[in-house]
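Residue numbers (the numbering used here): 42 to 371.
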């Protein structure tokens, strides 16, 4: 059985927000094993990976994992409740960016209050969708964090010169604003969400986790609402750093060719070919690297960590096996 602990980092010079993270520890935790750091997609929460994580932490003679940390974007999940006063201020009502999540993760990993010195850990970043954009920015931030490898799950790494970039950023921004964001209670929210195309194919446990962790009690009524506001999510996809800065950070890691990148992408997603040139850009870049790899999943779509957690865990294990056999980072 894995253990779970919650840790919170206070606001710092790196980030003005409290940052909550969940630590998952296997029954037998090898001291020299990997420490995985998970970053979630926009609109989700740190607990969304729990089914995947439970599979990763099952006893295995082939993998060495010391522990796993999943970190909230500070306007998501339980972190949004902790930061609600700051997030509701005029400065933040219509503002969010990939770099805010990066700064929050950097703040958490640099903190001392949780009692972990992440500089001494064999770090592997694992990030889904927009979380991957923040992970790439994190690799370029100070204080520098040393990663043994990066595992990208359907990453939202949008090159400025591709047609998919303008299409997807516009689509996601409009989708964010059109979401239903309030329900009379959590039971009503779950009954509604399982009928929505965006949640089609999700495991019921993952939907239940979303209802529990991605919704918060409304400030002015007894209803529940999305922890990440529609306005902030929409603003995120229109922020400049989701395109230029994240693609530049990705290309820097590729060109330096020191930290392996393992891409796990789905052959079929929900965007009817509109994401193809973005994915091709990512694949072609990564295949230029010496120790990196690309895995193509046959099913699951863009949200495969939620729809196919067992398949996701297996693919992550494949990537971790490659990192183990490679030996110490350069």
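Even glycine gets a Cβ: it sits at the ideal position worked out from N, Cα and C.
Measuring alpha carbon to alpha carbon, tell me which residue in 273, 173, 195 and 266 is nearest residue 218. 273
Can we say the stretch 309 to 316 touches the stretch 330 to 337, given the rule of at least three CB pairs closer than 8 angstroms? no
Alpha carbon to alpha carbon, what distance is there between residue 231 and residue 344? 18 angstroms
Separation of residue 308 from residue 352, as counted between CA atoms: Our two residues, residue 352 and residue 308, have alpha carbons roughly 14 angstroms apart in a direct line.
Is the beta carbon of residue 187 less than 8 angstroms from the beta carbon of residue 164? yes
Could you tell me the alpha carbon to alpha carbon distance between residue 270 and residue 85, rounded to whole angstroms? 11 angstroms
Inspect the CB distances between the stretch 50 to 65 and the stretch 130 to 149 and report whether three or more fall short of 8 angstroms. yes
To the nearest angstrom, how far is the alpha carbon of residue 121 from that of residue 355? 31 angstroms
Those residues which DSSP pairs with residue 307 across a bridge: 338
The stretch 70 to 80 contacting the stretch 97 to 109, beta-carbon criterion three pairs below 8 angstroms: Verdict: yes, contact present.
Around the C-beta of residue 263, are 16 or more other C-beta atoms found within 10 angstroms, so that it is buried, or is it exposed? exposed
Starting from residue 188, follow its DSSP beta bridges and name the residues at the other end. DSSP lists 164 as the bridge partner or partners of residue 188.
Rounded to the nearest angstrom, what separates residue 361 and residue 179 at their Cα positions? 20 angstroms
Going by CA-CA distance only, name the one from 212, 174, 191 and 42 that's closest to residue 100. 42
Between which two residues does the beta strand (DSSP E) carrying residue 45 extend? 44 to 50
If you draw a straight line from the C-alpha of residue 281 to the C-alpha of residue 125, how long is it? Answer to the nearest angstrom: the Cα atoms are 25 angstroms apart.
On the DSSP bridge list, what partners appear for residue 169? Paired residue(s): 194.
Please determine, among 241, 225, 245 and 192, the residue with the shortest C-alpha to C-alpha distance to residue 261. Of the candidates 241, 225, 245 and 192, the one whose C-alpha sits nearest the C-alpha of residue 261 is 225.
What residues in its chain sit with their C-beta under 6 angstroms from that of residue 61, if we drop five residues either side in the sequence? Taken in chain order, the residues that qualify are 49, 113, 119 and 120.
Quick check on this structure: which residue in 296, 190 and 203 has the alpha carbon closest to the alpha carbon of residue 363? Comparing Cα-Cα distances from residue 363 to each of 296, 190 and 203, the minimum goes to 190.
Are there 16 or more other CB atoms within 10 angstroms of the CB of residue 91, so buried, or fewer, so exposed? buried
To the nearest whole angstrom, what separates the beta carbons of residue 394 and residue 322, a pair I think is in contact under 8 angstroms? Since the first residue shown for the chain is 42 and the last is 371, residue 394 is missing from the structure and cannot be characterised.
Segment limits, alpha helix (DSSP H) that includes residue 209: 204 to 219
So, residue 81 versus residue 169, is the Cβ gap smaller than 8 angstroms? yes
From the DSSP output, in three-state form, read off residue 312 for me. coil
Under the three-state reduction of DSSP, which class applies to residue 61: helix, strand or coil? strand
Bridge partner(s) assigned by DSSP for residue 108: Answer is 76.
Is it true that the CB of residue 127 sits closer than 8 angstroms to the CB of residue 57? The Cβ atoms of residue 57 and residue 127 sit closer than 8 angstroms to each other.
Sort out for me which residues DSSP pairs residue 223 with in a bridge. 266.
Rounded C-alpha distance that separates residue 59 from residue 295: 32 angstroms
Inter-residue Cα distance where the pair is residue 370 and residue 341: Confidence is the limiting factor: at residue 370 the pLDDT is only 46, short of 50, which leaves the residue's position unreliable, though a coordinate-based value still follows. When rounded, the distance between both Cα atoms is 32 angstroms.
Which first and last residues belong to the beta strand (DSSP E) in which residue 256 is found? Note, residue 256: beta strand (DSSP E), 256 to 258.
Under the three-state reduction of DSSP, which class applies to residue 302: helix, strand or coil? Strand at residue 302.
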